[in-house]
Each structure stands twice: as structure tokens, then as C-alpha cells.
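To start, the structure under review is shown below, and the notes come after it.
If you want it as C-alpha cells, here you go:
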């Protein structure tokens, strides 16, 4: 795997954060590698909400690109679901704020 694969994927997935760590530096990054059980280089670790959801230890660019696409699609779908839920909640709150008689026909009960 080359850096070109990740550099090509970064503009296509703006909501994904790519971080490269050089654990040969003696800045404590070896402890990070140990913490996440990285034993093979290069390794790619996918996080979601601070949890490791998948790891990939390969040099095959096709595998890396496929996993980035897979997790990107899942992230986009989750964002869509959150947006739809938020829109539904806003509509419910707006209905609750409507004063009695506004938007209702006299004598009619229940929701419109």
C-alpha cells in the first residue's frame, strides 16, 4: 500500500479523518501501536466513536480502497438516518407548540 491510496481517498471522503503515525519516532507512538495491538506495518485501523471497528494489515491497494468505501458508505447512511430522525423530532415539536384551535376545524378532535 502506498500513501497515494490514502491521499486519493481523502478528498473523496471529507468526513473521514486520515492519520498517519510513524512509530519509529521515539515520541511515545510505540505505546500507541502497542495499545492498539499493531504488529504489522502498514496497518490501517478503522475507528467509530472511539472504538476499533476494523483493522487491516495488508499492502493491497484494492483491499484498502474497498474498506474505505465500505466504511464511508456506512457513515453516510448513519448521517442520513440521524438527519431524518432530527427532522421528524422537529416536526413533532412544532405540532406540540401549535396553540389550541390553530389549524383545526371547530369541533374536530385529534391530529390533523
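In the UniProt record's numbering, the protein residues as written are 1 to 112. The beta carbon of each residue, even a glycine, is placed where N, CA and C say it ideally should be.
For residue 15 and residue 75, believed in contact at Cβ under 8 Å, the rounded distance
Taking the chain shown and counting its residues from 1, the one referred to as residue 75 is at position 75. Taking the chain shown and counting its residues from 1, the one referred to as residue 15 is at position 15. 6 Å between Cβ atoms; contact.
For residue 68, which three-state DSSP category applies?
Locating residue 68 in the chain shown gives position 68, where the first residue counts as 1. Three-state DSSP puts residue 68 in a helix.
Is the CB-CB distance between residue 47 and residue 38 below 8 Å?
In the chain shown, counting from the first residue as 1, residue 47 sits at position 47. In the chain shown, counting from the first residue as 1, residue 38 sits at position 38. Result no, Cβ atoms of residue 47 and residue 38 do not sit closer than 8 Å.
Since residue 64 contacts residue 70 with CB under 8 Å, what's their CB separation in whole angstroms?
Taking the first residue of the chain shown as position 1, residue 64 is located at position 64. Taking the first residue of the chain shown as position 1, residue 70 is located at position 70. 11 Å between Cβ atoms; not a contact.
Let me know the secondary structure DSSP gives residue 49 once reduced to three states.
The sequence position of residue 49 within the chain shown is 49, counting from 1. Residue 49: coil per DSSP, three-state reduction.
Which one of 88, 89 and 66 has the shortest CA to CA distance from residue 13?
If you number the chain shown from 1, residue 13 lands on position 13. Comparing Cα positions, the closest option is 66.
Which residues does DSSP list as the beta-bridge partners of residue 6?
Numbered from 1 along the chain shown, position 6 holds the residue referred to as residue 6. Answer is none; residue 6 lacks a bridge partner.
In terms of DSSP beta bridges, what is residue 76 paired with?
Position 76 of the chain shown, counted from the first residue, corresponds to residue 76. Its beta-bridge partners do not exist; DSSP assigns none.
If residue 68 and residue 9 are in contact, beta carbons under 8 Å, what's the gap, nearest whole angstrom?
Here residue 68 refers to the residue found at position 68 of the chain shown. Here residue 9 refers to the residue found at position 9 of the chain shown. So it is a contact: roughly 5 Å between Cβ atoms.
For residue 29, which three-state DSSP category applies?
The sequence position of residue 29 within the chain shown is 29, counting from 1. Helix at residue 29.
In the structure shown, what three-state DSSP assignment does residue 56 receive?
As a position in the chain shown, residue 56 is number 56, starting the count at 1. Strand.
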